[in-house]
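Participant: So in full-length UniProt numbering, spot 98 of the sequence shown is number 98, and the numbers just go up one at a time.
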Amino acid sequence: MRTHPSVASAHAVALLRKLNIQRMEGKFCDCVIRQYLNPGKLYLAHKSVLAASSPVLASLLPSKSVLLELQFPSTTKEVLGSLLEFIYTGILPPADQDDSLLSAATYLQIEELQQALSNITTIYNCDTVEGCVNTSHCFQRGDR
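#1: Could you check where the alpha helix (DSSP H) with Gly81 kicks off and where it finishes?
#2: State buried or exposed for Arg17, treating a residue as buried only when at least 16 other CB atoms are found within 10 Å of its CB.
#3: So, under 8 angstroms CB-CB, Asn45 and Ala51 are touching, yes? Tell me the CB distance rounded to an integer number of Å.
#4: Going by C-alpha distance, which of Leu60, Ala104, Gln97, Cys31 is nearest residue 147?
#5: By DSSP, does Cys29 sit in helix, in strand, or in coil?
#6: Is DSSP giving Ala116 helix, strand or coil here?
#7: Buried or exposed: where does Val49 fall if 16 or more other Cβ atoms within 10 Å of its Cβ makes it buried?
#8: Per DSSP, what kind of secondary structure is Gln97 in: helix, strand or coil?
#9: Using only CA atoms, which one of Gln22, Arg34, Pro55, Ile87 lies nearest to Thr76?
#10: How would you call Phe28, buried or exposed, if buried means at least 16 neighbouring beta carbons within 10 angstroms?
#11: Could you have a look at Ala8 and say whether DSSP puts it in helix, strand or coil?
#12: Distance, Cα to Cα, Ser6 vs Met24?
#13: Can you tell me whether DSSP reads Tyr43 as helix, strand or coil?
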C-alpha cells in the first residue's frame with residue numbers, strides 16, 4: 001500500500017509534447033500572439049500554458065479576446081519563437097540568443113528559463129574544469 005503519492009513524470013512530458021503538437025497544428029489554440037515590432041508574424045498558443053509559464057503573460061492575457069499583443073521592444077521574432085519553444089518543450093535555443101532570451105525571460109518572469117540560462121552561463125563561465133563538471137543541472141540545448 002502506498003503511503004505517499006507516486007509521480008509519473010512521463011505523463012507530464014507527454015502532455016506537454018502533445019500540447020506543443022497542437023500548437024504547431026493550430027488545434028485548440030485560444031490565443032494569437034502578435035509582436036509589436038513585427039505585426040505581420042502571428043504565433044498560436046494556449047492561454048492556460050502561457051499563463052502557467054509566466055505571471056506577466058497571465059496578467060496580459062485578455063479574458064475574452066484572442067489577440068495578445070506583446071510590446072516590449074527587446075524581443076525579436078526569433079526570441080519570441082524561442083520563448084514559445086521553451087515554454088512548450090523545455091528546449092533551450094542556440095547560444096547566440098542567450099542574452100536576448102534572458103532579458104525577455106526576466107521581463108516576463110519565466111523563472112525556469114531564467115534559471116536554465118543562468119545555469120548555462122555559470123557552466124560556461126566557470127573557472128575550473130572540475131567546477132564545470134560538477135553541476136547538478138543539465139538542460140537540452142537546441143544547438144547540441
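C-beta: ideal position from N, C-alpha, C; glycine also.
These figures come from a predicted structure and were not determined experimentally.
Facilitator: Taking the geometry as given:
#1: The residue labelled residue 81 in the question sits at position 81 within the sequence shown. Here the alpha helix (DSSP H) through Gly81 covers 77-89.
#2: By 1-based counting over the sequence shown, the position of residue 17 is 17. Taking every protein chain shown into account, the CB of Arg17 has fewer than 16 other CB atoms within 10 angstroms, so this residue is exposed.
#3: Here residue 45 is taken as the residue at index 45 of the sequence shown, counted from 1. Here residue 51 is taken as the residue at index 51 of the sequence shown, counted from 1. Sequence check: residue 45 is Ala here, not Asn. Incorrect: roughly 10 angstroms between the Cβ atoms, too far for contact.
#4: No statement about residue 147 is possible, as the shown extent of the chain runs from 1 to 144 and does not include it.
#5: Start at 1 with the first residue of the sequence shown, and residue 29 comes out as number 29. It is coil, neither helix nor strand.
#6: On the sequence shown, position 116 is the one that residue 116 refers to. Reduced to three states, the DSSP call for Ala116 is helix.
#7: The residue labelled residue 49 in the question sits at position 49 within the sequence shown. Residue burial annotation: Val49 is buried, with at least 16 other C-beta atoms found within 10 angstroms of its C-beta.
#8: In the sequence shown, counting from the first residue as 1, residue 97 sits at position 97. For Gln97, the three-state secondary structure derived from DSSP is helix.
#9: Here the question's residue 76 lines up with position 76 in the sequence shown. Ranking the options by Cα distance to Thr76, first place goes to Arg34.
#10: Here residue 28 refers to the residue found at position 28 of the sequence shown. Result: exposed.
#11: Taking the first residue of the sequence shown as position 1, residue 8 is located at position 8. The answer is coil: DSSP assigns Ala8 none of H, G, I, E or B.
#12: By one-based count along the sequence shown, residue 6 stands at place 6. By one-based count along the sequence shown, residue 24 stands at place 24. Their Cα atoms are separated by approximately 31 angstroms.
#13: As a first step, residue 43 must be located in the sequence shown, where it is residue number 43. Taken through DSSP and simplified to helix, strand or coil, Tyr43 comes out as strand.
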